[in-house]
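Asks:
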Amino acid sequence: SAQRITHVAAGDVSAHSTDAINGGQFFSLSSYISVSTSLSSLSTTISSAVTSQINSIGSSLFSNYESLSSTVSSVSTASESMKTVMSYLDKHAIKWNEEQGGFDAGQINGMTRDSTPTYRKIVNLADGDVSKDSHDAVNGSQLYTVNSELTAGLNSLSTSTSTAISDLLNGTDPGSMSTSIANLNANALLWNGTVYDAARGSIEGQIITGVKGGNIAAGSLDAVNAGQLWDVKQSISALSSSVSTVVSGLPAGTISDDALSSLSTAISKNIDSQISSVASYLGTASQPDTNSIKPPKYDITTPSGSVVSANNVKDALENLENYGTKYAKSNSAKAASVAQGVDSVAIGGASMASGTSAVAIGDSASASSANGVALGSQAKVTQSGGVALGSESVANTAAGKEGYIPVTATQQQAAAIRATKSTEGAVSVGDASNGVYRQITGVAAGTADTDAVNVAQLKGVNNQVSMINEYVNQMNDNIHHVERRAYSGTALAMALSGAYLPSLNGGEQTVGVGVGAYRGYGAVGLNYKAASKNGKVTWGAGVSTTGKETAVNSVLGFKW
Numbered sequence: 093s094a095q096r097i098t099h100v101a102a103g104d105v106s107a108h109s110t111d112a113i114n115g116g117q118f119f120s121l122s123s124y125i126s127v128s129t130s131l132s133s134l135s136t137t138i139s140s141a142v143t144s145q146i147n148s149i150g151s152s153l154f155s156n157y158e159s160l161s162s163t164v165s166s167v168s169t170a171s172e173s174m175k176t177v178m179s180y181l182d183k184h185a186i187k188w189n190e191e192q193g194g195f196d197a198g199q200i201n202g203m204t205r206d207s208t209p210t211y212r213k214i215v216n217l218a219d220g221d222v223s224k225d226s227h228d229a230v231n232g233s234q235l236y237t238v239n240s241e242l243t244a245g246l247n248s249l250s251t252s253t254s255t256a257i258s259d260l261l262n263g264t265d266p267g268s269m270s271t272s273i274a275n276l277n278a279n280a281l282l283w284n285g286t287v288y289d290a291a292r293g294s295i296e297g298q299i300i301t302g303v304k305g306g307n308i309a310a311g312s313l314d315a316v317n318a319g320q321l322w323d324v325k326q327s328i329s330a331l332s333s334s335v336s337t338v339v340s341g342l343p344a345g346t347i348s349d350d351a352l353s354s355l356s357t358a359i360s361k362n363i364d365s366q367i368s369s370v371a372s373y374l375g376t377a378s379q380p381d382t383n384s385i386k387p388p389k390y391d392i393t394t395p396s397g398s399v400v401s402a403n404n405v406k407d408a409l410e411n412l413e414n415y416g417t418k419y420a421k422s423n424s425a426k427a428a429s430v431a432q433g434v435d436s437v438a439i440g441g442a443s444m445a446s447g448t449s450a451v452a453i454g455d456s457a458s459a460s461s462a463n464g465v466a467l468g469s470q471a472k473v474t475q476s477g478g479v480a481l482g483s484e485s486v487a488n489t490a491a492g493k494e495g496y497i498p499v500t501a502t503q504q505q506a507a508a509i510r511a512t513k514s515t516e517g518a519v520s521v522g523d524a525s526n527g528v529y530r531q532i533t534g535v536a537a538g539t540a541d542t543d544a545v546n547v548a549q550l551k552g553v554n555n556q557v558s559m560i561n562e563y564v565n566q567m568n569d570n571i572h573h574v575e576r577r578a579y580s581g582t583a584l585a586m587a588l589s590g591a592y593l594p595s596l597n598g599g600e601q602t603v604g605v606g607v608g609a610y611r612g613y614g615a616v617g618l619n620y621k622a623a624s625k626n627g628k629v630t631w632g633a634g635v636s637t638t639g640k641e642t643a644v645n646s647v648l649g650f651k652w
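Residue numbers for the sequence shown, in my numbering: 93 to 652.
Written out as structure tokens, the structure reads:
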């Protein structure tokens, strides 16, 4: 609301005076100007409150003029502040990097013209939504949680690996293992270049025990044990008894040489058959001339592509361990793994790779689509080219998915997003539909449009967004301030122009009051005009106010 200004000293009243006048001077002026009738009419038109306001305005003319000058100075100061803000934003804001195709948090050293950027943080970042379709920025706390879970998982994996190695070594220490290998080398049945030799330096030879009964059949190459020979002996003894019985029942006589020759031939054939069976099971052949077994040869291809040969079972088993299964073990009581798809690989209990060129590694891992990779216990791939990483991860998003395009994206940015539409199934590190989530840590800052970004880059973007929001808020405040002054100025001008003054004759004076309103802002104005006695010169002044803003005008006119 309007306020009065009191204790105003009498101002200088002259043609060029810019002093404020007080109510006493104005009253004295009205006493010798013949406008009492007009003033009386005016007092009946406006309320006493308006009259009080006009008197207060008249007495504060000069003061308000200085206030106007101060306001103009404030506007100039605000303009300089805006320049400072713009300079600060230009120096510190995160800007779009056209060359890199992303927001760049780096700050270039303008003094040394060093093109190497520094790196800055984005702080006070709220937890982002971590879900399948989320594009929120995530903060350090969320990364720490995933890092803790990953560390726990790695510790568990390390413990499991140590246990597996311990199981492999059967709890023995390296020294004990070395002793066992040395004992094996000294005590194993070794090939001496011609035959397997069990003598171990003894002339009499040594016994080989624990030999499982071999298959006794035509073509069998199994070794036979003493128990089987005992059975044969018993059979021969029984046969001998039967023969003896038969022979004793035969009439006395002699056996011809042909009969003995036939019997010898039959026995030799039987022995040759047994030797051939043993040789066959060793993967070699018999040598009938010497009634022995030809030394076998077991070839294994090493990871480097070379071939290692062994001539005995012990060396062959060692080669198989060193070059085939030493670094690949699986401990499971579940069903066997199945590599059903062409060129597929399945490792782990009940794992299934049924897609072409699919890979399923882990307990119950499943890759049913072509080129799918399921890595981890119960990991599952159902889309072509999909990759499921980690236990219970599910890759079920097909290729051809178009990325999210923000509504604020430019045409060029939207085109770049569309150009990178997926061509293979998605890579999954969890299963959002069942609440399985993982963080991806150790991600380097992305460079190309198709690179992943890390939290540091997201922090840079968030910092820039925050600064832009602050700048926009400041701009809105400034615009609102200018808008208020503009609307007030319009109302002030209308109040001054609304005080229509009558034409004057020589020596006459007049006063007019006007009211203006524009877009919710109102103002009241007062105009004064006087003419010289000969009527050739006129002068006047006016003032209007909204209660907060004030406007003044003055005029001097001549006619001839």
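All C-beta atoms, glycine included, are put in the ideal place defined by N, C-alpha and C.
1) Mind checking which residues open and close the alpha helix (DSSP H) that includes ALA408?
2) DSSP three-state call for THR637: helix, strand or coil?
3) Since I believe SER460 is in contact with THR474 (beta carbons under 8 Å), could you give me their beta-carbon distance rounded to a whole number of angstroms?
4) What three-state label does DSSP hand ASN619 in the structure shown?
5) With a CB to CB cut of under 8 Å and the five nearest residues on each side skipped, what residues in its chain are close to GLN503?
6) Pick out whichever of ALA428, ASP407 and GLY464 has its Cα sitting closest to the Cα of ASP435.
7) Where do the ends of the alpha helix (DSSP H) carrying ASP569 lie?
8) Please classify ASP314 as buried or exposed, where buried requires at least 16 neighbouring CB atoms within 10 angstroms.
9) Is there contact between the region 583–600 and the region 608–616, where contact requires at least three CB pairs shorter than 8 Å?
10) For the beta strand (DSSP E) holding ILE392, just list the boundary residues, first then last.
11) Please report the straight-line C-alpha distance between GLY604 and HIS573, rounded to a whole angstrom.
12) Spatial neighbours of ALA408 within its chain, please: C-beta separation below 7 Å, excluding the five flanking residues on both sides.
13) Please identify the residue among ASP219, GLY634, SER476 and GLY612 whose C-alpha is closest to the C-alpha of LYS621.
14) Let me make sure I understand the geometry here. Which of GLY527, GLU600, SER398 and ALA643 has the alpha-carbon closest to that of GLY617?
15) Can you give the Cα-Cα distance for ALA438 and THR533, rounded to whole angstroms?
16) Let's see if you can read the secondary structure: which residues bound the beta strand (DSSP E) around ILE509?
17) Please report the distance separating the alpha-carbon of LYS363 from that of GLY302.
18) Would ALA487 pass as a contact of GLY468 if the rule is Cβ separation under 9 Å?
19) Closest by CA to ARG577, which one among ALA524, THR638 and ALA537?
20) By a C-beta neighbour count over all protein chains shown, 10 Å radius and 16 as the cutoff for buried, is GLU641 buried or exposed?
21) VAL521 to LEU481, Cα distance in whole Å?
22) Would you say GLY477 and GLY454 are within 9 Å of each other, going by their C-beta atoms?
23) Would you identify the three-state DSSP class for ASP523, choosing helix, strand or coil?
24) Who are ALA452's beta bridge partners in DSSP?
25) GLY433: buried (16+ other C-beta within 10 angstroms of its C-beta) or exposed?
26) Looking at ALA491: is its Cβ nearer than 9 Å to the Cβ of ALA471?
27) With distance defined between alpha-carbon atoms, name the residue in GLY495, SER580 and ASN561 nearest to ASP541.
28) Short check: CB of ILE385 to CB of VAL287, under 9 Å?
29) Expressed to the nearest angstrom, what Euclidean distance is found between the alpha-carbon atoms of ASN570 and GLN556?
30) Are TYR613 and VAL222 closer than 9 Å when you measure CB to CB?
31) Could you give the distance in angstroms between the alpha-carbon of GLY598 and the alpha-carbon of TRP631?
32) Taking the alpha carbon of LYS628 as the point to measure from, which residue in TRP322, THR357, PHE650 and ASN317 has its own alpha carbon closest?
33) Among residues of its own chain, excluding the 5 on either side of ASP381, which ones have a beta-carbon nearer than 6 Å to its beta-carbon?
34) With a CB to CB cut of under 6 Å and the five nearest residues on each side skipped, what residues in its chain are close to VAL519?
35) Taking the straight line between their C-alpha atoms, what separation do you get for ALA428 and TYR419?
36) What's the gap between the Cα of ASP523 and the Cα of GLN549?
Replies: Reading off the structure:
1) One-based indexing of the sequence shown puts residue 408 at position 316. From DSSP, the alpha helix (DSSP H) with ALA408 extends over 405–412.
2) Within the sequence shown, numbered from 1, the residue matching residue 637 stands at position 545. Reduced to three states, the DSSP call for THR637 is strand.
3) Position 382 of the sequence shown, counted from the start, is the residue given in the question as residue 474. Position 368 of the sequence shown, counted from the start, is the residue given in the question as residue 460. The Cβ separation is near 6 Å, so the contact holds.
4) Your numbering for residue 619 matches position 527 in the sequence shown. Note: ASN619 maps to strand in three-state DSSP.
5) As a working note, residue 503 is residue 411 in the sequence shown. Around GLN503: no qualifying Cβ.
6) As a position in the sequence shown, residue 435 is number 343, starting the count at 1. For the residues ALA428, ASP407 and GLY464, the minimum Cα distance to ASP435 belongs to GLY464.
7) Counting from 1 along the sequence shown, the entry for residue 569 is found at position 477. Its alpha helix (DSSP H) spans residues 547–589.
8) In the sequence shown, the residue the question calls residue 314 occupies position 222. The residue in question, ASP314, is buried, as its Cβ has 16 or more Cβ neighbours within 10 Å.
9) yes
10) Start at 1 with the first residue of the sequence shown, and residue 392 comes out as number 300. First-last of the beta strand (DSSP E) with ILE392: 390–393.
11) Position 512 of the sequence shown, counting from 1, holds the residue named residue 604. Position 481 of the sequence shown, counting from 1, holds the residue named residue 573. The straight-line gap from Cα to Cα measures roughly 31 Å.
12) Taking the first residue of the sequence shown as 1, we reach residue 408 at position 316. Hits under 7 Å: TYR390 and ALA402.
13) Translated into positions along the sequence shown, residue 621 becomes position 529. Here the closest residue by C-alpha is GLY634.
14) Residue mapping note: residue 617 aligns to position 525 of the sequence shown, counting from 1. Nearest of GLY527, GLU600, SER398 and ALA643 to GLY617, Cα basis: ALA643.
15) Counting from one through the sequence shown, the residue named residue 438 turns up at place 346. Counting from one through the sequence shown, the residue named residue 533 turns up at place 441. Rounded to whole angstroms, ALA438 to THR533 spans 28 Å at the Cα level.
16) For the purposes of this step, residue 509 is taken as the residue at position 417 of the sequence shown. Unbroken run through ILE509 is the alpha helix (DSSP H), 503–511; no beta strand (DSSP E).
17) Position 271 of the sequence shown, counted from the start, is the residue given in the question as residue 363. Position 210 of the sequence shown, counted from the start, is the residue given in the question as residue 302. Checking the sequence, you will find Ile at residue 363 rather than Lys. ILE363 and GLY302: Cα-Cα distance of roughly 23 Å.
18) For the purposes of this step, residue 487 is identified with residue 395 of the sequence shown, where counting begins at 1. For the purposes of this step, residue 468 is identified with residue 376 of the sequence shown, where counting begins at 1. Contact flag unset, no.
19) Here residue 577 corresponds to residue number 485 of the sequence shown, with the count starting at 1. For ARG577, the nearest C-alpha among the options comes from THR638.
20) Working through the sequence shown from its first residue, we reach residue 641 at position 549. GLU641 comes out buried.
21) Looking up residue 521 in the sequence shown gives position 429. Looking up residue 481 in the sequence shown gives position 389. Roughly 5 Å separates the two Cα atoms.
22) To locate residue 477, count along the sequence shown from 1; it is residue 385. To locate residue 454, count along the sequence shown from 1; it is residue 362. In this structure, GLY454 does not lie closer than 9 Å to GLY477 by Cβ.
23) The residue you call residue 523 lines up with position 431 of the sequence shown. ASP523 falls in the strand class under three-state DSSP.
24) The count along the sequence shown starts at 1 and reaches residue 452 at position 360. Note: ALA452 sits in a beta bridge opposite ALA438 and ALA466.
25) On the sequence shown, position 341 is the one that residue 433 refers to. It is buried - the Cβ of GLY433 has at least 16 other Cβ atoms within 10 Å.
26) If you number the sequence shown from 1, residue 491 lands on position 399. If you number the sequence shown from 1, residue 471 lands on position 379. No. Outside cutoff.
27) As a first step, residue 541 is located in the sequence shown; it is residue number 449 there, counting from the start. Considering only alpha carbons, the answer is GLY495.
28) Taking the sequence shown and counting its residues from 1, one reaches residue 385 at position 293. Taking the sequence shown and counting its residues from 1, one reaches residue 287 at position 195. A contact, by the Cβ cut-off of 9 Å.
29) Residue 570 sits at position 478 when you count from the first residue of the sequence shown. Residue 556 sits at position 464 when you count from the first residue of the sequence shown. Cα to Cα, the separation comes out at about 21 Å.
30) Taking the first residue of the sequence shown as 1, we reach residue 613 at position 521. Taking the first residue of the sequence shown as 1, we reach residue 222 at position 130. No, they are not a contact pair.
31) The sequence position of residue 598 within the sequence shown is 506, counting from 1. The sequence position of residue 631 within the sequence shown is 539, counting from 1. Spanning the two alpha carbons is a distance of roughly 12 Å.
32) Residue mapping note: residue 628 aligns to position 536 of the sequence shown, counting from 1. Closest by alpha carbon: PHE650.
33) By 1-based counting over the sequence shown, the position of residue 381 is 289. Answer for ASP381: no residue qualifies.
34) Taking the sequence shown and counting its residues from 1, one reaches residue 519 at position 427. Result list for VAL519: VAL479, in chain order.
35) Counting from one through the sequence shown, the residue named residue 428 turns up at place 336. Counting from one through the sequence shown, the residue named residue 419 turns up at place 327. About 19 Å.
36) Here residue 523 refers to the residue found at position 431 when the sequence shown is read from its first residue. Here residue 549 refers to the residue found at position 457 when the sequence shown is read from its first residue. Taking the straight line from one Cα to the other gives about 26 Å.
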